[in-house]
Amino acid sequence: MNCLDCDRKDMTAPALGICTNCGAGVCGAHLRVTEQALACRTREGETREVAPSARRILCPTCDQARHAYGRCCPDPTAARTG
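Sequential numbering of the sequence shown, starting at 1, is according to UniProt numbering.
The following block contains the structure:
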């Protein structure tokens, strides 16, 4: 499998990973490695984060979309001041 972003630029580079969001092949130059927090619900109904976080591989397009979504729709569970 080759990198989709390189292919669109008429270049060929082997994929080192697959975007976990869209499934595109991603080469080392286009690979974005992030963390994905995982949580589980206890029998008591509490939500607990699992440590360590999972590794998540993204292509540049999906990584940009993730950042845009975060700016538009902040995490409602984040601590609020005021």
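Every residue, glycine too, gets a C-beta built ideally from N, C-alpha and C.
CA-CA distance, residue 34 to residue 44, rounds to 30 Å. Under a 10 Å Cβ-count criterion, residue 15 is classified as buried, with 16 or more other Cβ atoms of the shown protein chains found around its own Cβ. Contact annotation: residue 32 and residue 52 have beta-carbon atoms that are not nearer than 8 Å. Closest in alpha carbon position to residue 22, among 48, 42, 5, 70, is 5. Counting along the chain, residue 47 sits inside the beta strand (DSSP E) bounded by residues 47 to 58.
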